[in-house]
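Chains as they are written, first to last, in this note's numbering: chain A, 1 to 360; chain B, 361 to 576. The beta carbon of each residue, even a glycine, is placed where N, CA and C say it ideally should be. From a predicted model like this one, the values you see are computed outputs, not experimental measurements. Okay, structure first, notes after.
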Amino acid sequence: MSDNMTAPQRFKAYLSGMPVDRAPVIEWAPWWNLTVERWLKDGLPVDCAGTEALQEYFGLDKCLQTCVDCRTSSTPGAPGPGLGIMEDEADYDIKIRPTLFPDPPAVISEEHYKYLANTHERGDTLHFFTVEGFFWYPRVMFGIENHLYSFYDYPELYKRMCDEYAEWLISVFRYVFSRFKFDFMSFAEDMSYNSGPMISKELFDEFLAPFYKKVIPVIHEYGVPVFIDSDGDITMATDWYASVGADGMFPLERQAGVDVSLYIEKQPSMAFIGHFDKMCMKFGEEAMRKEFERILPSMLKGKVISSVDHQTPPDVPLEYYKIYVRLFKEYAALVRHNDGGIQPCPVFKTPEGKQDNDQP
Amino acid sequence: MGANTVEIINEISEKLQKGKAKEVTALVAEALEKGVSPESILNEGLISGMNIIGEKFKRNEAFVPEVLIAARAMNEGLKVLRPALAGAGVKPLGKAVICTVKGDMHDIGKNLVKMMIEGQGIECIDLGVDVAPERVVEAVKESGAKIVCLSALLSTTMMGQKDVIDALKAAGIRDQVKVMVGGAPVTQQFADEIGADCYTLDAASAAQAARAFFEE
Numbered sequence: 001m002s003d004n005m006t007a008p009q010r011f012k013a014y015l016s017g018m019p020v021d022r023a024p025v026i027e028w029a030p031w032w033n034l035t036v037e038r039w040l041k042d043g044l045p046v047d048c049a050g051t052e053a054l055q056e057y058f059g060l061d062k063c064l065q066t067c068v069d070c071r072t073s074s075t076p077g078a079p080g081p082g083l084g085i086m087e088d089e090a091d092y093d094i095k096i097r098p099t100l101f102p103d104p105p106a107v108i109s110e111e112h113y114k115y116l117a118n119t120h121e122r123g124d125t126l127h128f129f130t131v132e133g134f135f136w137y138p139r140v141m142f143g144i145e146n147h148l149y150s151f152y153d154y155p156e157l158y159k160r161m162c163d164e165y166a167e168w169l170i171s172v173f174r175y176v177f178s179r180f181k182f183d184f185m186s187f188a189e190d191m192s193y194n195s196g197p198m199i200s201k202e203l204f205d206e207f208l209a210p211f212y213k214k215v216i217p218v219i220h221e222y223g224v225p226v227f228i229d230s231d232g233d234i235t236m237a238t239d240w241y242a243s244v245g246a247d248g249m250f251p252l253e254r255q256a257g258v259d260v261s262l263y264i265e266k267q268p269s270m271a272f273i274g275h276f277d278k279m280c281m282k283f284g285e286e287a288m289r290k291e292f293e294r295i296l297p298s299m300l301k302g303k304v305i306s307s308v309d310h311q312t313p314p315d316v317p318l319e320y321y322k323i324y325v326r327l328f329k330e331y332a333a334l335v336r337h338n339d340g341g342i343q344p345c346p347v348f349k350t351p352e353g354k355q356d357n358d359q360p
Numbered sequence: 361m362g363a364n365t366v367e368i369i370n371e372i373s374e375k376l377q378k379g380k381a382k383e384v385t386a387l388v389a390e391a392l393e394k395g396v397s398p399e400s401i402l403n404e405g406l407i408s409g410m411n412i413i414g415e416k417f418k419r420n421e422a423f424v425p426e427v428l429i430a431a432r433a434m435n436e437g438l439k440v441l442r443p444a445l446a447g448a449g450v451k452p453l454g455k456a457v458i459c460t461v462k463g464d465m466h467d468i469g470k471n472l473v474k475m476m477i478e479g480q481g482i483e484c485i486d487l488g489v490d491v492a493p494e495r496v497v498e499a500v501k502e503s504g505a506k507i508v509c510l511s512a513l514l515s516t517t518m519m520g521q522k523d524v525i526d527a528l529k530a531a532g533i534r535d536q537v538k539v540m541v542g543g544a545p546v547t548q549q550f551a552d553e554i555g556a557d558c559y560t561l562d563a564a565s566a567a568q569a570a571r572a573f574f575e576e
């Protein structure tokens with residue numbers, strides 16, 4: 001794999017619908033701890049067990065995530081898995097609200113800014129910035145089940161919480177992106193499951209869309225593409241997120257019945273990361289090659305960046321994963337997008353997005 | 361049924377579909393006062409309303425929040441109706457034991473199935489999440505349940521469904537119950553492999569399948 005572009009240049013060109021030397025070869029998610037434990041038994045060197053070290057070991061383009069959230073060390077924790085930290089207005093206003101929303105300079109340490117700049121300068125690393133989306137954030141606050149009731153039980157509180165959160169996010173984006181320009185960012189959402197979205201279009205339009213429409217233009221001002229991270233069947237949700245200006249989606253899980261070839265037809269402006277069926281990996285080279293052959297036409301025709309569709313399972317031996325990476329590079333090299341006809345992501349249609357990927 | 365009876369039962373069904381718990385409760389009480397039979401209120405009002413929302417859920421016309429608030433309205437209505445049902449000698453269709461299997465803490469899918477099954481007039485014994493196979497066996501023996509519903513969200517915990525089936529076999533009661541499995545990583549093929557009796561894609565279908573077992 002001979003490279004003529006840096007990882008950030010390639011990624012931006014790919015999302016802009018421009019020619020590339022090859023497709024990006026990334027793992028967007030960190031590896032599952034159970035998988036890494038298995039690989040250590042398979043012979044993975046102990047000092048390669050971290051995310052960045054694993055990416056280096058396998059020879060992938062590095063892709064590293066920086067996450068922030070609006071809670072602080074003073075915010076109460078959930079009393080159990082899936083449970084919330086608040087119930088109603090009184091809880092939010094008295095117990096929770098005063099502990100939220102740290103000052104933007106405090107969300108990323110100076111040391112981490114230096115690390116971001118240094119690794120970005122090498123040219124082999126993509127950095128993405130992740131925050132909770134307007135489905136995920138209230139879910140953490142209310143708890144999984146009460147969150148689903150909250151659309152009907154506490155509609156005004158839901159909107160007020162998201163509005164305050166959106167204002168805080170805007171201040172964070174303005175500060176952070178003026179310090180470091182991430183290659184892309186993601187909103188953690190997980191608002192779909194294996195039968196489709198958990199909420200209706202009507203609820204999306206009323207409770208999520210206004211806040212995305214508020215924050216995405218600010219992110220786009222800095223030329224940063226916005227991805228939505230939602231597991232499950234996102235066939236319907238993709239259109240909804242496209243309508244609020246999102247540039248892409250991941251991870252497009254095959255087990256949930258997702259077919260990316262439909263997505264690039266119906267949302268040609270969007271980019272898609274993931275979609276490689278993790279369940280085939282345990283069956284070896286032939287199965288993995290067949291899976292790449294399935295995805296390749298979509299990679300050639302649209303802005304599809306193949307990647308394991310949500311973490312390699314622990315039943316995949318280390319040697320099989322090495323075969324996966326070899327095949328990944330082989331197929332990525334076939335994708336050049338020389339023929340044109342590929343639409344840019346929405347962010348790269350703006351004057352800010354068209355500018356060079358220079359750091360501030 | 362007289363026109364007034366039909367009207368109030370339809371209204372119960374409609375309000376239930378919209379998740380209006382207080383209105384359902386008031387309408388059930390009003391229907392009882394007017395002499396409408398508890399069985400009609402249950403079957404043509406509450407269960408019928410849940411069936412309609414269940415069908416909409418299957419067609420992606422209603423979503424999880426709408427099902428949850430409808431099920432909540434049904435439960436509130438049932439609280440008012442239950443004494444009258446007992447008085448009239450109307451019994452639940454049967455009993456089902458439901459849980460999320462050992463090692464798995466996810467309960468939204470399990471709760472959804474439970475609510476939909478209860479919406480079919482089936483009594484549910486909810487063992488919660490992270491439930492050991494022995495606890496399921498014990499609950500089946502204690503309750504005489506004819507259905508066991510097992511949920512798993514993770515590919516790492518789905519084998520817990522097989523562990524429950526094995527435990528039911530070891531206890532000699534496998535043939536006494538129908539085992540239903542579901543959850544994000546579960547497929548028909550997996551259900552067949554572990555020897556489950558039924559797999560459904562969604563909660564509404566699970567409820568219908570459970571009802572069908574009792575009507576066999």
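Collapsed DSSP secondary structure at residue i in the structure displayed
| i | result |
| --- | --- |
| lysine 278 (chain A) | helix |
| methionine 518 (chain B) | coil |
| glutamate 421 (chain B) | coil |
| alanine 237 (chain A) | helix |
| phenylalanine 204 (chain A) | helix |
| methionine 191 (chain A) | coil |
| leucine 126 (chain A) | strand |
| serine 306 (chain A) | strand |
| leucine 383 (chain A) | The displayed coordinates of chain A run from 1 to 360. Any statement about residue 383 (chain A) would go beyond what the structure contains. |
| proline 79 (chain A) | coil |
| aspartate 486 (chain B) | strand |
| isoleucine 507 (chain B) | strand |
| glutamate 89 (chain A) | helix |
| threonine 66 (chain A) | strand |
| phenylalanine 151 (chain A) | helix |
| lysine 378 (chain B) | coil |
Selected residue, minimal CA-CA separation from residue i, among the options
| i | options | result |
| --- | --- | --- |
| aspartate 61 (chain A) | A:His127, A:Cys67 and A:Asp339 | A:His127 |
| glycine 248 (chain A) | A:Thr99, A:Phe227 and A:Glu265 | A:Phe227 |
| isoleucine 26 (chain A) | A:Gly82, A:Pro251 and A:Cys48 | A:Pro251 |
| methionine 475 (chain B) | B:Glu371, B:Cys509 and B:Asn370 | B:Cys509 |
| valine 496 (chain B) | B:Glu483, B:Ile533 and B:Leu402 | B:Ile533 |
| lysine 301 (chain A) | A:Phe173, A:Gly340, A:Phe11 and A:Glu111 | A:Gly340 |
| alanine 166 (chain A) | A:Glu206, A:Val215, A:Phe207 and A:Tyr193 | A:Val215 |
| lysine 213 (chain A) | A:Ala246, A:Lys181 and A:Thr238 | A:Ala246 |
| arginine 571 (chain B) | B:Thr547, B:Gly481, B:Gly379 and B:Ser515 | B:Gly481 |
| tyrosine 321 (chain A) | A:Arg254, A:Pro297 and A:Cys280 | A:Cys280 |
| isoleucine 368 (chain B) | B:Lys382, B:Val396, B:Gly379 and B:Ala381 | B:Val396 |
| glutamate 221 (chain A) | A:Ala271, A:His310, A:Met141 and A:Pro346 | A:Pro346 |
| phenylalanine 11 (chain A) | A:Val260, A:Met185, A:Gly43 and A:Leu318 | A:Met185 |
| isoleucine 219 (chain A) | A:Trp32, A:Ser171, A:Met141 and A:Phe142 | A:Ser171 |
Contact check, residue i vs residue j, beta carbons under 9 Å
| i | j | result |
| --- | --- | --- |
| phenylalanine 135 (chain A) | methionine 191 (chain A) | yes |
| cysteine 527 (chain B) | glutamate 494 (chain B) | Note that residue 527 (chain B) is alanine in the sequence shown here, rather than cysteine. Yes, the pair counts as a contact, with Cβ atoms nearer than the cut-off. |
| tryptophan 240 (chain A) | phenylalanine 211 (chain A) | no |
| glycine 405 (chain B) | valine 424 (chain B) | no |
| alanine 544 (chain B) | glycine 488 (chain B) | no |
| tyrosine 154 (chain A) | glutamate 89 (chain A) | yes |
| valine 537 (chain B) | alanine 505 (chain B) | yes |
| arginine 38 (chain A) | proline 314 (chain A) | yes |
| phenylalanine 207 (chain A) | cysteine 162 (chain A) | yes |
| phenylalanine 573 (chain B) | isoleucine 485 (chain B) | no |
| alanine 512 (chain B) | valine 461 (chain B) | yes |
| lysine 181 (chain A) | glutamine 359 (chain A) | yes |
| asparagine 4 (chain A) | aspartate 21 (chain A) | yes |
| alanine 433 (chain B) | leucine 514 (chain B) | no |
| leucine 44 (chain A) | tyrosine 57 (chain A) | yes |
Beta carbon proximity, residue i to chain B, threshold 9 Å
| i | result |
| --- | --- |
| asparagine 194 (chain A) | yes |
| phenylalanine 151 (chain A) | yes |
| glycine 77 (chain A) | no |
| alanine 333 (chain A) | no |
9 Å Cβ cutoff, residue i in contact with chain A
| i | result |
| --- | --- |
| valine 461 (chain B) | no |
| arginine 534 (chain B) | no |
| asparagine 420 (chain B) | yes |
| aspartate 467 (chain B) | yes |
| glutamate 436 (chain B) | no |
| valine 388 (chain B) | no |
| glycine 379 (chain B) | yes |
Sequence ranges, alpha helix (DSSP H) only - wholly within the stretch 11 to 58 of chain A, length at least 4: 33 to 42 and 51 to 58
Entirely enclosed beta strand (DSSP E) segments - the stretch 439 to 495 of chain B, minimum 3 residues: 455 to 460 and 483 to 486
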